[in-house]
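If you read the sequence shown in full-length UniProt numbering, its first letter stands for residue 1, the second for the next number, and so on.
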Amino acid sequence: MPPKRKADTEDGPAKKKAATAPKLKKSKAPNWNEDSGYSNEKPTTEWARKCVDRWCLLPPYNTRMTEKHWQDYYNERSALDKINSSGAPESKEIVSEELCQDTWKILRGAARDLASIVLGSKLDDEDRKKHIARTLMGSLYFTELWGNDEGDDTPREVQAKSRLYSPFGVGTSIDFYYFYHLRPRMFGKGERFASFYAKSRPIVEIDPENPTACSATKRNANGAIKAASDAITVFDRNGSKSKGTTAANVKSFEQAIFGVEGWISPLKLVEILFAAGTVMRYREQDKESPKSVLAKFQYFDGETNGRALLAEELKLLAELEAREPASPEVCIPQRMLLLARQGDGGSEPGPSNQRTSVQSDLGVRSSLAGPASISLKVVAVWNYLSSPTNMPPASNKRPKKLSTCDGPNNDFASRSPTLTPETLGRKGFLAFPDELVYLIFSYYTEIKIEDILVNSTSLPNHFLDRFKALRNLSQLCQLSRKMYLPLLWERVQICVATGGAWYREHGKNMERKSEGLLKSPHLWPYVRTLTVCFTRFEPRKVIPPFVRLLKALPNLQTLEIPHAHGSMTSILKSYFEGNVFPTIQKVVMPTCAHEILRCCPGIREVTCNEGDGGTLVSALVSAGCSSLEVLEGIAAGPLQMKRLVNQRPPLRRVQINVRMKDPEKNIKSFSKFPSLRVIELDSGQEDVGPLVKIATDTLRSCAMPPAGGSKKTRKGDLVVNKDDEVAFNSGLTIDQRLVRVVRFDRLGWQWLSQREKWTPAQFIPIKFEEYPVS
């Protein structure tokens, strides 16, 4: 029989032991002398000393690094200092206007958290720990940042690339790539993606030629960004599917940052990765993936968050920053190194005119115990730097209330599979036939040639309606994006003013859109027409990126300039001279923009919407114009026309405004073009019979071989010019030439005296009259 159980009557029922918290692991004291390749002796070579002094690098120092390694390290990190300087032109790579968030506040906050994490670590030498935290605070850089706002101060998408250098003189660093995308739907599934990659960079990967290259990513065969083969995927979410990394993978980064192993807990290492990668710093609504990774790890015994120690450090840093001289460019990483430089003997001044010499450091240290008024100023400066009111203005996009639940029971998270064309299908609006969709869009006003010919300083804002509708459709889903994104970017318009100073708005829009498109090469093939107004607003900042954009667009065919300031000729020449835009085939522009036409050797159609176009003809001659077929609104002089005739362009149609000066002479100037088939007379309701006769005679002259078109050899044989032979043997006969009168409704319209009263309706033809040439 089984043994009887002990009676419970004597001492009562058996008591269960109280549950105890899991025992925390202990930190391993770091020993930086274990590696024989490390030395505590400060290097004495030129580039090594420059690096140590400029970035306050701590011992140990990597003796395996050659002088060439130190030089490359210096050049690479110096370039990043410039990019991470507020007010510097190079900083545009990391300042995203569409994200509507302060790049420098995000960078400062991440740097402060890095210092806090180290200050909360377990290290007996408190001074040593403080020095590491201070140097690490100035070792973080953005290499690229882009995003857009959802409309309610939360981002729809963020793409951030950053780099964290080791605070020691070992030359290593870590590259980070953070991607976030969240777009819920009112009906059906939403879009939910998040990825975070990290990769250690040994000294052999230092690249001063391309300092912003991210080694943590690569592009697959479809051009999508994926984790590099040797990168660690810290977390990755695709719809409802999510995965995170392991402790072993996280520990691999400790050697790259601190040069030791076992000192920092996996939880602190993840916090360092998140801070350096700027994860959860953009007011993201969906934080489930990074929070689930944090929940997997624990601190070592004796580790804290370090917030109390950080508060003291920030007070000292604020006082030091308040005493720095004012400068239009401020390098944020160098500013964050001010505390590290306090006890450093660096002698090389850093960017943004930082006072980094021994004398200025002593001056700062002696002034820390200043009067109370200085403390009040420091507090005011710090409050300004940390205030959310000093951020860019919020976007005017439509607001949308998003769920704030981050837990696993989030209903949105559980119903968000990967959105693909296969899962979506053609339903609802996407099921409409193409003919019906194009009919719907025909009711949106689109920029037409008559709007360009008016030559107004700006176009009304109703031309943005079609753009906004296409943008919304292109963001419905992946399938609608494929359908409507090409239509959205087929025309880029930088000519619409919504109010206020139109010239300022045009300049700001040109700079913003040019820079944005230059960073979006996937949109380049879609752009075929570019409509832009040129003003004298900050041309040094506005025009250079626009010129780079023209050179980058592979399929740009039409350039329309509704307006350009008449005094911009020399300005345009200084920026466009020497450039070539071989894909542009059609231009509509005022006479003062002729310097742009000189850059278009493949031009086929030229229309002048202001002036007589004489210098446009000179520009065509300069460009070569071997493909020129159409001229409209041109009234050039005889010398300019003679130079154009000598170029022998295959001109087929010209349009002449009968209201311009001396139209008879203008018509006759085209009598030397054998390929000319059509002469159009732009007129109102007046009688143009005499001009029709002159145009008819001109076309007959074109049908006759030119006097200089053939030559005789020594034996008396007639040799016909090859170009003329092609023109006359191309199957085109005299009866195919015609004069066309294009009539417009311009009753009571003055040609030049009432230019400000012109309307697009006055440039829409109401009648055509054709007179064949027999």
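Just so it is clear, CB atoms sit at the ideal spot from N, CA and C, and this is done for glycine as well.
Query	Result
Compare the Cα-Cα distances from E205 to each of A326, L338, G171, L320 and report the closest residue.	G171
Does the Cβ of D286 have 16 or more other Cβ atoms within 10 Å, making it buried, or fewer, making it exposed?	buried
Between the beta-carbon of Q493 and the beta-carbon of F534, is there less than 8 Å?	no
With DSSP as the reference, identify every bridge partner of Y165, one or two as the case may be.	S173
If the criterion is Cβ atoms closer than 8 Å, does the pair G120 and G259 meet it?	no
On the criterion of 16 or more Cβ atoms from any shown chain inside 10 Å, does T45 qualify as buried, or is it exposed?	exposed
Looking only at its chain, what residues have a beta carbon closer than 7 Å to the beta carbon of V658, apart from the 5 residues adjacent to it on each side?	L681, D682, S683, V688, L691
Suppose you measure from the CA of T558 to the CA of R112; what does that come to, to the nearest Å?	50 Å
From what residue to what residue does the alpha helix (DSSP H) around R54 run?	46–55
Give the secondary structure of P89 by DSSP, where H, G and I count as helix, E and B as strand, and everything else as coil.	helix
By the three-class DSSP mapping on this structure, what secondary structure does C592 have?	helix
Residue ranges of each alpha helix (DSSP H) run of no fewer than 4 residues wholly in the segment 442–508, ordered along the chain?	449–453, 464–474, 478–488
Short check: CB of R281 to CB of T154, under 8 Å?	no
From T607 to F429, what does the alpha carbon distance come to, in whole angstroms?	39 Å
So, using beta-carbon positions, are V270 and V250 closer together than 8 Å?	yes
Which one of L310, A564, S39, W47 has the shortest CA to CA distance from Y61?	S39
Label I694 either buried or exposed according to how many other C-beta atoms from any shown protein chain fall within 10 Å of its C-beta, with 16 as the threshold for buried.	buried
Would you call the CB atoms of N666 and G633 closer than 8 Å?	no
Going by DSSP in three states, N666 sits in which element: helix, strand or coil?	helix
Check the C-beta distance from G613 over to T591 and give it rounded, since I have them as a contact under 8 Å.	6 Å
What do you reckon, are the CB atoms on F235 and A198 nearer than 8 Å?	no
Label I440 either buried or exposed according to how many other C-beta atoms from any shown protein chain fall within 10 Å of its C-beta, with 16 as the threshold for buried.	exposed
Which of helix, strand or coil does DSSP assign to K129?	helix
Could you have a look at P43 and say whether DSSP puts it in helix, strand or coil?	coil
Label W47 either buried or exposed according to how many other C-beta atoms from any shown protein chain fall within 10 Å of its C-beta, with 16 as the threshold for buried.	buried
Identify the continuous alpha helix (DSSP H) that holds D698 and give its terminal residues.	According to the sequence as given, residue 698 is Thr; it is not Asp. Element bounds for T698: 689–703.
Going by DSSP, what residue range makes up the alpha helix (DSSP H) through D301?	Element bounds for D301: n/a, residue is neither H nor E.
Contact check, L310 vs L339 under 8 Å by CB: the rounded distance?	With 8 Å as the limit, L310 and L339 do not qualify as a contact, their Cβ atoms being about 11 Å apart.
Does the segment 228–248 touch the segment 74–88, meaning 3 or more C-beta pairs lie closer than 8 Å?	no
Taking all protein chains shown into account, do 16 or more other C-beta atoms lie within 10 angstroms of the C-beta of A133, making it buried, or fewer, making it exposed?	buried
Do you know how far the Cα of T759 is from the Cα of I561?	17 Å
For I447 versus S85, is the C-beta distance shorter than 8 Å?	no
Would you mind giving the Cβ-Cβ distance between Q640 and S618, rounded to the nearest angstrom? I have them listed as a contact below 8 Å.	6 Å
Would you verify that the beta carbon of K42 is, or is not, closer than 8 Å to some beta carbon of chain D?	This model lacks chain D altogether; it includes just one protein chain.
Is it the case that the Cβ atoms of L699 and V654 are separated by a distance below 8 Å?	no
I want to know whether the segment 130–145 touches the segment 156–166 - three or more CB-CB distances under 8 Å.	yes
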